[in-house]
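S.K.:
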Amino acid sequence: MSSILTNNSAMVALQTLKSINMNLADTQNAISTGKDINSAKDNASVWAISKVMESDVSGLDAVQDSLAVGQSAVGVASAGAELIVETIKEMQALAISAQSESADFAQIDLEMAAKKEQLDSIVAGSQFNGVNLLNTDTDGNGAAGLDVVGSINRIGAGAATATTITVATADLEASVTDITLTGTADTTDAATTYTELTTMLDAAITGAAALGTSAKRLDDQANFVSKLSDSLTTGIGALVDTDMEAASAKLQALQTQQQLGVQALSIANEAPSTIMSLFR
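According to my numbering, the stretch in the sequence shown is residues 180 to 459, in order.
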């Protein structure tokens, strides 16, 4: 039955065109933003997962900053400890030369005093951002080391927690700065001083080695966190990013469907006019 009041063909064509236009708008939005899932309404579960992962990536960025600060503090202390080792070796050479009866004891004693002051200065100055890993008290508040945030852990639906790496102080303040050397006034004192310097050297080497181990651990952790952050970012992209090749093909198909839909609606709208031929 034909009717001038109800055009079923036009209604079907109109609904089809509306559906095509909605799909076309979604595809154009995905292409312009680069994301298939921009909000919770697009896919609530995937959107929620992506937001949790984005939070983890932000947390890992903060972890990398913490590790960078820790690496710098350890690097400064390690450089200071290694310089202390070399300075003590120079002092040992002076102590050996002072064990000769013909040595200029006064001059050697002056050089030894100057190098001891240099050691004290190195220990005091090997700080970064208020942290000195060569001191007994590393931060002025009684800390005996440095806690560096090394990672964040998330188990199931639980909240993320931070995991720290503790770098212990080398405490060369106690084993170098606080030590008073006997001096090199004569050969006997020089021999005693050499023994004292040997003890200082052992402590300095041990401290420098421990700092080097900590520095390597922080470097490895920073490398791991960087790779982990990249992996999470890649995972987020796989969940929400637009497949541009597929989107391009879909866009062309929808544009063709839109043109055909407009043409079909135009034909359907013309149908009632054919009824006029029945009344001629």
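Ideal placement from N, C-alpha and C gives every residue a C-beta, glycine not left out.
#1: Counting only the same chain and skipping the five closest in sequence on each side, list residues whose C-beta sits under 7 Å from that of F403.
#2: Would you mind sorting D316 into buried or exposed? The rule is 16 or more other CB atoms within 10 Å of its CB.
#3: Just the C-alpha distance for T453 and D205, rounded to the nearest angstrom, thanks.
#4: So is A219 buried or exposed if we call it buried at 16+ other beta carbons inside 10 Å?
#5: Let me know if Q286 comes out buried or exposed under the rule of 16 or more other beta-carbons within 10 Å of its beta-carbon.
#6: If you measure between the beta carbons of L298 and A349, is that distance less than 7 Å?
#7: Using alpha carbons as the reference points, say which of L184, I216, T195, A189 lies closest to D420.
#8: Helix, strand or coil for K220 per DSSP?
#9: Suppose you measure from the CA of A223 to the CA of D235; what does that come to, to the nearest Å?
#10: At what residues does the beta strand (DSSP E) containing V346 begin and finish?
#11: To the nearest whole angstrom, what separates the beta carbons of T343 and G324, a pair I think is in contact under 8 Å?
#12: Judging by CA-CA distance, which residue of M270, E352, Q207, P451 is the nearest neighbour of T374?
#13: Grab me the residues of N332's own chain with a C-beta within less than 7 Å of its C-beta, minus the 5 sequence neighbours each way, in chain order.
#14: Look at L246 and A347 and say whether their C-beta atoms are less than 7 Å apart.
#15: Given a cut-off of 7 Å on the beta-carbon distance, is the pair A274 and T377 in contact?
#16: Whole angstroms are fine: how far does the CA of V327 sit from the CA of D398?
#17: What number of angstroms, rounded off, separates the C-alpha of Q437 from the C-alpha of Q431?
#18: Once you ignore the five residues that flank G319 on each side, which residues in its own chain have a CB closer than 8 Å to its CB?
M.R.: This is what the structure holds:
#1: Here residue 403 corresponds to residue number 224 of the sequence shown, with the count starting at 1. Closer than 7 Å at Cβ, skipping near neighbours: no residue.
#2: On the sequence shown, position 137 is the one that residue 316 refers to. Result: exposed.
#3: Numbered from its first residue, the sequence shown carries residue 453 at position 274. Numbered from its first residue, the sequence shown carries residue 205 at position 26. The straight-line gap from Cα to Cα measures roughly 37 Å.
#4: As a first step, residue 219 must be located in the sequence shown, where it is residue number 40. Exposed is the call here.
#5: Reading the sequence shown from its first residue, position 107 is the one you call residue 286. Per the 10 Å Cβ criterion, exposed.
#6: Translated into the one-based positions of the sequence shown, residue 298 becomes position 119. Translated into the one-based positions of the sequence shown, residue 349 becomes position 170. Cβ distance not < 7 Å, so L298 and A349 don't count as in contact.
#7: Along the sequence shown, read from residue 1 onward, the residue named residue 420 stands at position 241. Checked all of L184, I216, T195, A189; the closest Cα to D420 is I216.
#8: If you number the sequence shown from 1, residue 220 lands on position 41. DSSP places K220 in coil when its eight states are reduced to three.
#9: As a position in the sequence shown, residue 223 is number 44, starting the count at 1. As a position in the sequence shown, residue 235 is number 56, starting the count at 1. The straight-line gap from Cα to Cα measures roughly 19 Å.
#10: Here the question's residue 346 lines up with position 167 in the sequence shown. That run of the beta strand (DSSP E) goes 340-347.
#11: The sequence position of residue 343 within the sequence shown is 164, counting from 1. The sequence position of residue 324 within the sequence shown is 145, counting from 1. Contact doesn't hold; Cβ gap of about 10 Å is too wide.
#12: In the sequence shown, the residue the question calls residue 374 occupies position 195. Ranking M270, E352, Q207, P451 by Cα distance to T374 puts M270 first.
#13: To locate residue 332, count along the sequence shown from 1; it is residue 153. The residues are A339, T340, T342.
#14: Residue mapping note: residue 246 aligns to position 67 of the sequence shown, counting from 1. Residue mapping note: residue 347 aligns to position 168 of the sequence shown, counting from 1. No, the pair does not count as a contact, with Cβ atoms beyond the cut-off.
#15: Locating residue 274 in the sequence shown gives position 95, counting from the first residue. Locating residue 377 in the sequence shown gives position 198, counting from the first residue. No, the pair does not count as a contact, with Cβ atoms beyond the cut-off.
#16: Working through the sequence shown from its first residue, we reach residue 398 at position 219. Working through the sequence shown from its first residue, we reach residue 327 at position 148. If you take the alpha carbons of D398 and V327, they lie about 12 Å apart.
#17: Walking along the sequence shown from the start, residue 437 turns up at place 258. Walking along the sequence shown from the start, residue 431 turns up at place 252. Each residue's alpha carbon lies about 10 Å from the other.
#18: As a working mapping, residue 319 is identified with position 140 in the sequence shown. G309, listed in sequence order.
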